[in-house]
Structure formats: C-alpha cells, structure tokens
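Worksheet for the structure shown next.
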Amino acid sequence: MKTIAIVTTADADGEHIAPAAPFPANAIAIQCDGTKYTVYEPGDTVPVLS
Amino acid sequence: MLRAQATRNGPITLAQSGVASSVTGTTAETTLASVTIPGGMMGVNGVLRVTFLTNNTNNVNSKTFRLKIGGVTVMPYTYGGSAQAQQMFILRNRGAQNVQTFLNSNAVVFGTTTATTVNTNFDMSVDQVLSITGQLAVGTDSMTLESYTVEVLPA
C-alpha cells in the first residue's frame with residue numbers, strides 16, 4: 017500500500033482534487049479520502065465500499 | 078513504383094483498466110482516472126468511445142460522475158437511488174479535428190432522445206486529457222469507477 021498526494025486544481029466546474037502523480041501500474045484498487053489517494057497493491061486487503 | 082501504405086481504421090484501445098478507483102470522505106470533485114488522447118490520433122472523422130462501469134452507495138443522495146476533456150465537462154452522470162451503472166459515450170469528429178458532436182444524453186446510448194444536437198470544439202489535433210471524476214453530495218457516501226475502456230476509431 018502506498019499513498020499519492022493530492023493537488024487541487026481548478027477548471028470550468030471549480031476546484032477539484034487530482035493525484036499529484038500517475039497511479040502505479042501494479043495498483044489493484046485506489047481510494048481517495050479527500051486528503052490523499054491510497055493505492056492498494058497485490059497482497060493488500062482492499063476496502064469494501066457500499 | 079508502388080508504395081504500400083498501412084492505415085488503421087479499426088478501434089484502437091487507448092486505455093483500459095479494471096482497477097477500482099473510488100472516493101469517499103469528501104464532497105470535492107475528485108479525479109478517478111485520466112487518459113491522454115494523443116493529438117491527431119482521431120483524425121478528421123474519427124471517433125472517441127468511452128465505456129465505463131460505476132458503483133456507488135445506493136441511497137437518494139446525488140453522486141455525479143463527470144466525463145471531461147481538457148477540464149471541460151462533456152457529460153455528467155448523476156445518480157441517486159441506484160447502485161450500479163454502465164455507460165458509453167461517443168464523441169465524433171465531423172470533418173475537422175476541432176469540431177465534434179455527440180448524443181446529448183446521459184441516459185440514452187443508442188436510441189432516441191428529445192435532446193438537441195451539441196457541437197463542441199475541442200482541438201483534437203493536440204494532446205487532450207480525458208478524465209473521469211466523481212463528486213459526492215454527502216461525504217459519507219462512496220462512489221467507484223470500477224472499470225473503463227477508452228477507444229479511438231481513427232478516420
């Protein structure tokens with residue numbers, strides 16, 4: 017598991033959150049909580065959202 | 078002298094992912110995926126076809142996925158009272174790389190709609206970033222881009 021920082025940018029819809037770096041190729045799941053992107057890799061337990 | 082020239086008009090899968098990309102805990106619009114469309118790849122009559130599968134908390138609160146090109150929303154998909162959706166969006170260049178049209182409906186992919194034709198003017202002769210974002214009305218909900226496929230049909 018690793019994290020990617022967020023950057024806040026603006027476009028026609030206003031401000032939005034984007035990852036500061038590309039998602040890694042070995043990601044199996046990605047989750048953003050508004051402060052960071054958490055990248056789950058093989059072997060990690062992926063959170064289940066409902 | 079004969080000169081062979083290969084041309085490819087069939088679909089080119091530009092990007093595809095089955096990695097779940099989700100947002101929860103914030104009401105800020107959040108990028109879930111982004112793909113660069115190489116400039117000139119579509120051609121003057123080419124097509125950009127985006128297919129994606131989403132999942133979200135099944136309650137009445139709004140969850141909006143947006144399909145954007147160059148930071149401009151070309152189609153919003155707002156859900157409430159549903160759990161899953163699969164959509165296809167088709168952007169067609171019409172005789173020039175900077176004139177496009179598409180079916181102006183986020184509910185109909187094939188079929189009829191009373192929505193009027195939309196023309197856009199994205200300059201597809203230069204690199205453009207296609208992004209899919211998610212925005213929750215209530216931060217305790219969640220929304221997930223489960224999978225997407227981005228194809229170019231050059232012409």
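Here the protein sequences line up with chains A and B, keeping their order. Residue numbers are given in my numbering: position 32 of the first sequence equals residue 48, and the series is strictly consecutive. Residue numbers are given in my numbering: position 50 of the second sequence equals residue 127, and the series is strictly consecutive. We treat Cβ as the ideally placed atom computed from N, Cα and C, and that holds for glycine.
Looking only at its chain, what residues have a beta carbon closer than 7 Å to the beta carbon of residue i, apart from the 5 residues adjacent to it on each side?
i	result
proline 115/B	Asp204
Going by the beta-carbon positions, is the gap between residue i and residue j smaller than 8 Å?
i	j	result
lysine 140/B	glycine 216/B	no
leucine 130/B	serine 224/B	yes
asparagine 170/B	asparagine 136/B	no
tyrosine 53/A	isoleucine 22/A	yes
valine 229/B	isoleucine 89/B	yes
valine 96/B	isoleucine 44/A	yes
leucine 222/B	leucine 109/B	yes
alanine 232/B	glycine 120/B	yes
For residue i, decide whether its Cβ has a neighbour in chain A, counting only Cβ atoms nearer than 8 Å.
i	result
serine 182/B	no
valine 112/B	no
valine 195/B	no
valine 100/B	yes
valine 127/B	no
valine 124/B	no
alanine 105/B	yes
glycine 157/B	no
glycine 117/B	no
alanine 162/B	no
alanine 232/B	no
Excluding sequence positions up to five away, which residues of its chain have a Cβ less than 6 Å from the Cβ of residue i?
i	result
asparagine 196/B	Thr178
threonine 155/B	Ser139, Thr141
Does residue i come within less than 8 Å of chain B when only Cβ atoms are used?
i	result
alanine 59/A	Looking at the sequence itself, residue 59/A is glycine, so the reference to alanine does not match. False, the Cβ-Cβ gap to chain B never drops below 8 Å.
alanine 28/A	yes
Using a Cβ-Cβ cut-off of 8 Å (strictly less than) and excluding sequence neighbours within five positions of residue i, which residues of its own chain qualify?
i	result
threonine 101/B	Leu213, Gly216, Thr217, Asp218, Ser219, Met220
leucine 180/B	Ile167, Val186, Thr190, Ala192
What is the C-beta distance between residue i and residue j, in whole angstroms, given that I count them as a contact (C-beta under 8 Å)?
i	j	result
serine 202/B	glycine 117/B	5 Å
glycine 50/A	threonine 103/B	3 Å
aspartate 200/B	asparagine 175/B	5 Å
serine 94/B	glutamine 47/A	Not really, about 15 Å apart at Cβ, beyond 8 Å.
alanine 92/B	valine 112/B	4 Å
Using a Cβ-Cβ cut-off of less than 7 Å, list which residues of the segment 205 to 230 of chain B approach chain A; keep chain order.
-> Cβ contacts with chain A: Thr210, Ser219, Thr221.
Below 9 Å between beta carbons is the criterion; list the residues of the segment 34 to 54 of chain A that meet it against any residue of chain B, in chain order.
-> Cβ contacts with chain B come from Ala34, Pro35, Pro38, Phe39, Ala43, Ile44, Ala45, Ile46, Gln47, Cys48, Asp49, Gly50, Thr51, Tyr53.
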